[in-house]
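Asks: First the structure, which I've put down as C-alpha cells, then a few questions once you've had a look.
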Amino acid sequence: VGSEEWPVGDAARQRLSQSEPPLTVDWGLADDQPEDAARLAFSVTNEGDVDTRFVAGLNGILIVGAHSPVAGFNREIPAGETVSWTYTHDGGDPYVASTEEESDSHYNLEWTQGEDDLYVAHADGE
Numbered sequence: 001v002g003s004e005e006w007p008v009g010d011a012a013r014q015r016l017s018q019s020e021p022p023l024t025v026d027w028g029l030a031d032d033q034p035e036d037a038a039r040l041a042f043s044v045t046n047e048g049d050v051d052t053r054f055v056a057g058l059n060g061i062l063i064v065g066a067h068s069p070v071a072g073f074n075r076e077i078p079a080g081e082t083v084s085w086t087y088t089h090d091g092g093d094p095y096v097a098s099t100e101e102e103s104d105s106h107y108n109l110e111w112t113q114g115e116d117d118l119y120v121a122h123a124d125g126e
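See below:
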C-alpha cells in the first residue's frame, strides 16, 4: 500500500522469470454418458520439466453468441505427467435461449495457453 516496497526472494524471482511449461490439453465427451447431462473428460499433460498449474474456464455458448459460465478448473500438473478428470454438466443445455425442445450444445474451454471448442450433437430420442 502506498509507496512501500516489498522484497521478493530469489526463489520467487527465479520462478517468475521462467517461461510457462507447455501443456497438451485433450478434452471431449466421456464414453459413459448420464441421462439428461453431459459428462466431459479432460486430460492435461505437462510437457515441461517444472510443475505447473492448469487454470481454465468452461463456458457454454448460447445461440445468441453469449458465453455462459459452466465451470472453472484449477489443477496441479506435475512436470512430465498427465492429470485426467471428468466433469458432469447437469445444469441443462447451454442453449437456454433456444426455442427448440432439444438443440446441439457448444462448449468453449479457455486456459492461459489457448482455447478450444466442443460441439455436441444431440441424437433424437436421447
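Per the UniProt record's numbering, residue 1 is the first one in the sequence shown, and the count goes up by one each step.
Each residue gets a CB set at the ideal place from its N, CA and C atoms; glycine is no exception.
Quick caveat, the model's predicted, so the values are computed rather than measured.
Rounded to whole angstroms, how far is the Cβ of Ala56 from the Cβ of Leu109, which I believe are closer than 8 angstroms?
Replies: 6 angstroms
Asks: Whose C-beta lies closer than 7 angstroms to the C-beta of Pro22 among residues of the same chain, with five residues either side of it excluded?
Replies: Glu47, Gly48
Asks: Which class does Ala37 belong to by DSSP, given the choice of helix, strand or coil?
Replies: coil
Asks: Checking the sheet assignment: what are the DSSP bridge partners for Trp111?
Replies: Ala56, Gly114
Asks: Taking the DSSP output, what are the residues bridged to Asp26?
Replies: Ser43
Asks: Using a threshold of 7 angstroms, state whether the C-beta atoms of Ala37 and Thr88 are closer than that.
Replies: Yes, these two residues count as a Cβ contact at 7 angstroms.
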